[in-house]
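The next block holds one structure in the form of structure tokens; read it before the comments.
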Amino acid sequence: MTDKAKLELNGKPIEVPVIVGTEDEHAIDISELRAKTGFITLDDGYGNTGSCKSAITYIDGEKGILRYRGIPIEQLAAKSSFLETAWLVIWGELPTRAQLDGFTALVLENARLHENLLRHFESFPANGHPMAELSAMINTVSCYELDIMNGEDAKNIESAAARLLGKVCTIAAASYNAAQGKPIIQPDPALGYADNFLQMMFSQGRKDYRVDHEVAAALDLIFVLHADHEQNCSTSTVRMVASSGANLFASCAAGVCALWGPLHGGANAAVLDQLESIHKSGVTVKDYIARAKDKTSGVRLMGFGHRVYKNYDPRAKIIKATADRILDKLHINDPLLDIARELEAAALADSYFKDRSLYPNVDFYSGIIMRAIGIPVNMFTVMFAIGRMPGWIAHWKELHDQKSRIYRPRQVYIGKPIRDYVAMESR
Ligand code: SDX
Numbered sequence: 060m061t062d063k064a065k066l067e068l069n070g071k072p073i074e075v076p077v078i079v080g081t082e083d084e085h086a087i088d089i090s091e092l093r094a095k096t097g098f099i100t101l102d103d104g105y106g107n108t109g110s111c112k113s114a115i116t117y118i119d120g121e122k123g124i125l126r127y128r129g130i131p132i133e134q135l136a137a138k139s140s141f142l143e144t145a146w147l148v149i150w151g152e153l154p155t156r157a158q159l160d161g162f163t164a165l166v167l168e169n170a171r172l173h174e175n176l177l178r179h180f181e182s183f184p185a186n187g188h189p190m191a192e193l194s195a196m197i198n199t200v201s202c203y204e205l206d207i208m209n210g211e212d213a214k215n216i217e218s219a220a221a222r223l224l225g226k227v228c229t230i231a232a233a234s235y236n237a238a239q240g241k242p243i244i245q246p247d248p249a250l251g252y253a254d255n256f257l258q259m260m261f262s263q264g265r266k267d268y269r270v271d272h273e274v275a276a277a278l279d280l281i282f283v284l285h286a287d288h289e290q291n292c293s294t295s296t297v298r299m300v301a302s303s304g305a306n307l308f309a310s311c312a313a314g315v316c317a318l319w320g321p322l323h324g325g326a327n328a329a330v331l332d333q334l335e336s337i338h339k340s341g342v343t344v345k346d347y348i349a350r351a352k353d354k355t356s357g358v359r360l361m362g363f364g365h366r367v368y369k370n371y372d373p374r375a376k377i378i379k380a381t382a383d384r385i386l387d388k389l390h391i392n393d394p395l396l397d398i399a400r401e402l403e404a405a406a407l408a409d410s411y412f413k414d415r416s417l418y419p420n421v422d423f424y425s426g427i428i429m430r431a432i433g434i435p436v437n438m439f440t441v442m443f444a445i446g447r448m449p450g451w452i453a454h455w456k457e458l459h460d461q462k463s464r465i466y467r468p469r470q471v472y473i474g475k476p477i478r479d480y481v482a483m484e485s486r
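In the numbering used here, the protein residues as written are 60 to 486.
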């Protein structure tokens, strides 16, 4: 459904179309604005700007709603699995049994890395950041996948998606083991997605190692909860890169770099650092909250606040309940979880946070679970990237299906007016 909006610029009235989305979101379509008026719009941080129309994920930040392809996140968290959710996010419908079994087999069979690639991990220093290695290795892996790099037919995309989803786990586990000087373990296609990841990560040198299926299920759930989140910073980056015609692996490697930032996917690690610093320093929760409110402190309450959610992030609710369950199951009494709960209670009772609609987001509790599983803090954002891979693949595919133009925003120039070159001796 479209309507019209009336603008008056330099005394001249113009009409622009209004686009209405599935859930009654309204947008002013300014695609012709510059051609008709010479004006562009300016929106720092794109807080008011839609970059595209998308059918993948719907978020209502005021109500704390998140749906993948129309299905509420709460139902997917309770009933689905990561690879089933990945299929839904990428192809738009829940898979049939045959589709899911075929895709699962394709992902696990393609998780293996070419033996030549294993030597790359020897070149990384032990303290190399796993996000740098993940981004580098996604592009490096693509050198061995040339047969699917530029095709856009359905079979090709399913194959590319399967290879990427499979190999990111092997890259992550290889990075972890190589950093400890341990041999790299290749995947076992007979295992489930999360089970295989845990096996590659932790079975090294442990003959008695058995994957705890409840732990694997908790990790699979974390992946489901991270699968997509509409036009967040890293997904917008993937779309930006994809719009130039770059292949799927290059676009997702760019998404990894954007996700790394502490204001985005890096927040889950920053939350753990924050909890550990409170625990070690003995600073009270009250004092820490005071610092987070003080703009001059340079401290933010990491894992709190969100550009879109002005209510409790629905994913945070589910992860918080899972943290309680997993720590009980593993008989872990983690003082950091107690601190996290105290911080949340104090912030939610404080007018500074309430007035700004600052609530826990997906990153506030996820690190507690990953720490309990034994994932090192510097790999928390890698786990976020693995979970977000289906969303990045889906947006890369949607942009191509929509035959989108290359993304090329405009700007308002505020630099120097025209001036002449000045010879060195006259400067
Ligand atoms: C993710 O976009 C997505 O969908 C992202 C994500 C996904 O799934 O892809 O959901 C994943 O990135 C979650 C967010 C993880 N980041 C953090 O937890 C870092 C801490 N949070 C913030 O830095 C902040 O809340 C952002 C970055 C998440 C959102 O920033 P905005 O929308 O640009 O908001 P802002 O910085 O303009 O803040 C508005 C006000 C400011 O105060 P005033 O100027 O109004 O006085 O709220 C304050 C901010 O100072 N504020 C905080 C705060 N977050 C915002 N104050 C203290 N602690 C915080 N965490």
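Every residue gets a Cβ at the ideal spot worked out from N, C-alpha and C, and that includes glycine. Model, not experiment: these values are computed from the prediction.
Its chain contains Asp-254, Leu-257 and Gln-258 as the residues whose beta carbon lies nearer than 6 Å to that of Val-270, once the 5 sequence neighbours on both sides are disregarded; these appear in chain order. The beta carbon of Gly-426 lies closer than 6 Å to those of Asn-327, Val-330, Leu-331 and Phe-439 in the same chain, with the five residues before and after it left out. Secondary structure note for Thr-199: it is in no beta strand (DSSP E), and the uninterrupted alpha helix (DSSP H) holding it is 189 to 201. Residue environment analysis places Asn-107 among the exposed positions, since fewer than 16 neighbouring C-beta atoms fall within 10 angstroms of its C-beta. Leu-322 sits in coil when the DSSP states are folded into three classes, being neither helix nor strand. Secondary structure at Val-274: helix, using DSSP grouped into helix, strand and coil.
Phe-363 is bridged by DSSP to Pro-419. Per DSSP, the continuous beta strand (DSSP E) segment holding Pro-76 begins and ends at 71 to 79.
Beta-bridge analysis with DSSP links Lys-63 to Pro-76. Taking one beta carbon from each stretch, the segment 146 to 154 and the segment 276 to 284 have fewer than 3 pairs nearer than 8 Å; the two do not touch. The beta carbon of Val-227 lies closer than 8 Å to those of Leu-193, Ile-197, Ala-444, Ile-445 and Met-448 in the same chain, with the five residues before and after it left out. Not one heavy atom of the ligand SDX is found less than 8 Å from the C-beta of Lys-65. In the assembly as shown, Cys-202 is an exposed residue. Its beta-carbon has fewer than 16 other beta-carbons within 10 Å.
In the three-state reduction of the DSSP assignment, Arg-400 falls in the helix class. Separation of Ala-213 and Leu-205 (C-alpha to C-alpha, rounded to the nearest whole angstrom) is 16 Å.
Non-local beta-carbon contacts of Tyr-235 in its own chain, meaning distances under 8 Å to residues more than five positions away in sequence, involve Pro-189, Met-260, Pro-435 and Met-438 in chain order. Per DSSP, reduced to three states, the secondary structure at Ala-220 is helical. For Thr-381, same chain residues with a beta-carbon under 7 Å away, outside a window of 5 residues either side, are Ala-277, Leu-280 and Ile-428 in chain order. The Cβ atoms of Val-283 and Ala-136 lie closer than 9 Å to each other. For Ala-482, the secondary structure class from DSSP, reduced to helix, strand or coil, is coil. Distance from the C-beta of Phe-363 to the nearest heavy atom of the ligand SDX is below 8 Å. Around the beta carbon of Ile-216, 16 or more other beta carbons sit within 10 angstroms, so the residue counts as buried. Separation of Leu-66 and Ser-336 (C-alpha to C-alpha, rounded to the nearest whole angstrom) is 52 Å.
A residue is called buried once 16 or more other Cβ atoms fall within 10 Å of its Cβ, and Phe-162 is buried on that count. The C-beta separation of Gly-341 from Ser-293 comes to about 36 Å, leaving the pair out of contact by the 8 Å criterion. Under the criterion of beta carbons closer than 8 Å, Ile-432 and Val-274 qualify as touching, at roughly 6 Å. Excluding the 5 residues flanking it on each side, Glu-168 has same chain C-beta neighbours closer than 7 Å at Pro-248, in chain order.
Look at Thr-294: its beta carbon is less than 8 Å from one of the heavy atoms in the ligand SDX. For Asn-420, the CB falls within less than 8 Å of some heavy atom of the ligand SDX.
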